[in-house]
Amino acid sequence: MADTVLYDLTEGLATITLNRPDAMNALNIDTKEALRDALLEAAESPAVRAVLLTGSGPRAFCVGQDLKEHTGLLAADRDGSGEGSTMSTVALHYNPIVTAIAGMPKPVVAAVNGVAAGAGAGFAFAADYRIVADTASFNTSFAGVALTADSGVSWTLQRLIGYGRAADLLLFPRTIDAQEALGLGIAHRVVPAEELASEAAAVARRLAEGPTAAYAAIKESLAFAAGHTLTEALAMEDELQRRAGASDDHAIAVNAFVNKEKPRFTGR
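Following the UniProt record's numbering, the numbering of the sequence shown begins with 1 at its first residue and continues without gaps.
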């Protein structure tokens, strides 16, 4: 895996770190491919029970597309020396990355340590839980470079804050500081910057020790219900609950409750 993305698996928790701090963790091709591959590895590995996604350095979680690389690729496309459409990165990279985060059959925590802009904001929005440093900020930024939303922002942002507010932030991009993000519902928690790493790791470890299959079912039920009727959502809940009820972890939890013990989940 490229050193632009770091991957660590410890006791069921996969920590994935964007590692281009000098470039504010901007997304060049190598980084996008490494991030996509790291997320797919985490999704497929039975040893991974939760994922923590963050960025290196104090300045940025991820500022989105590396515009220096992007400028060169655009010029090559226009003069015919390129290999194809620069914007194919949406299909090749951004879509698989966001699908891997949102569709991960285990919880994903985003520790937003600094600026999250463009696709960087999109990756954070796709996570299940966002812990944000008090010095961090968000910016949709797409319209500022004459682009539309990508990295799932058209889907995730309006579900987090409603259509009207999402349209406002996409049509008129601006910096949203941590406290406003908390008020809007983008951030679940805001913590002092110096405590972010420990707080995010504690939350992610707690999830890694939890009932992984049940968490996967919760994610699936929320995603399904967002686009279906109540009747359809109830039918899906029935199906998912039957599956969860047959899991080892459900039996472990019930046993622990009866015996007044703390359950030790296996993730199955």
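Think of the CB as a built atom: it goes at the ideal place given N, C-alpha and C, for glycine as much as any other residue.
To the nearest angstrom, how far is the alpha carbon of residue i from that of residue j?
i: L18; j: M104; result: 18 Å
i: P96; j: K32; result: 10 Å
i: L184; j: I101; result: 22 Å
i: N28; j: E69; result: 7 Å
i: G82; j: A91; result: Any answer about G82 is weak, because its pLDDT of 49 lies below 50 and its placement is not dependable; what the coordinates show is given next. Going from the Cα of G82 to the Cα of A91 covers about 17 Å.
i: L52; j: E195; result: 15 Å
i: D128; j: L170; result: 21 Å
i: N113; j: A26; result: 14 Å
i: L157; j: N259; result: 43 Å
i: V98; j: D3; result: 21 Å
i: L160; j: H228; result: 17 Å
i: residue 315; j: Y215; result: What the structure shows of the chain is the stretch from 1 to 268, and residue 315 is not part of that stretch, so it cannot be assessed.
Skipping 5 residues on each side, what residues in its chain have a beta carbon closer than 6 Å to that of residue i?
i: A178; result: V132, D134, A136 and V190
i: N139; result: A117, P173 and T175
i: L6; result: T17 and N19
i: T231; result: none
i: V115; result: A60, V63 and S137
i: G12; result: R49 and A208
Sorted by chain position, which residues of the same chain lie with C-beta nearer than 8 Å to residue i's C-beta, five sequence neighbours on each side aside?
i: S221; result: A233, M236, E237 and L240
i: T266; result: D248, D249 and I252
i: F257; result: P263
Report all residues from its chain with a CB closer than 7 Å to the CB of residue i; omit the five preceding and five following residues, and keep chain order.
i: T148; result: F142
i: A217; result: L240, R243 and A244
i: G210; result: F265
i: A166; result: L157 and Q158
Determine the closest residue to residue i out of the options, with distance taken between C-alpha atoms.
i: V145; options: D66, G152 and D128; result: D66
i: R130; options: T86, Y94, A166 and L182; result: L182
i: P46; options: T10, M87, D3 and K260; result: T10
i: A126; options: A187, S88, M87 and R165; result: A187
i: S56; options: V48, A23 and G210; result: A23
i: L207; options: N259, G227, P192 and A50; result: A50
i: residue 294; options: A43, T15 and A38; result: Past the boundaries of the shown model lies residue 294; the chain is included only from 1 to 268, so the question cannot be answered.
i: D37; options: Y94, R268, N255 and A204; result: Y94
i: T89; options: D30, W155 and R205; result: D30
Between residue i and chain B, is there a C-beta pair that is closer than 8 Å?
i: A202; result: Although the question refers to chain B, the structure presented lacks it and comprises just one protein chain.
- Query: Taking three-plus beta-carbon pairs below 8 Å as touching, is the stretch 53-67 in contact with the stretch 106-125?
  - Reply: Inter-segment contact for the stretch 53-67 and the stretch 106-125 is present: three or more beta-carbon pairs are separated by less than 8 Å.
- Message: Quick check for students: name the residue ranges of the alpha helix (DSSP H) that lie wholly in the stretch 137-178, counting only runs of 4 or more.
- Response: Runs found: 153-161 and 163-171.
- Item | Meets three-Cβ-pair contact criterion under 8 Å: the stretch 190-200 and the stretch 105-112 | Verdict: yes, contact present.
- Message: If we require 3 or more residues per run, which beta strand (DSSP E) segments fall completely within the stretch 99-126?
- Response: As far as the stretch 99-126 is concerned, its whole beta strand (DSSP E) runs of at least 3 residues are 108-112 and 115-117.
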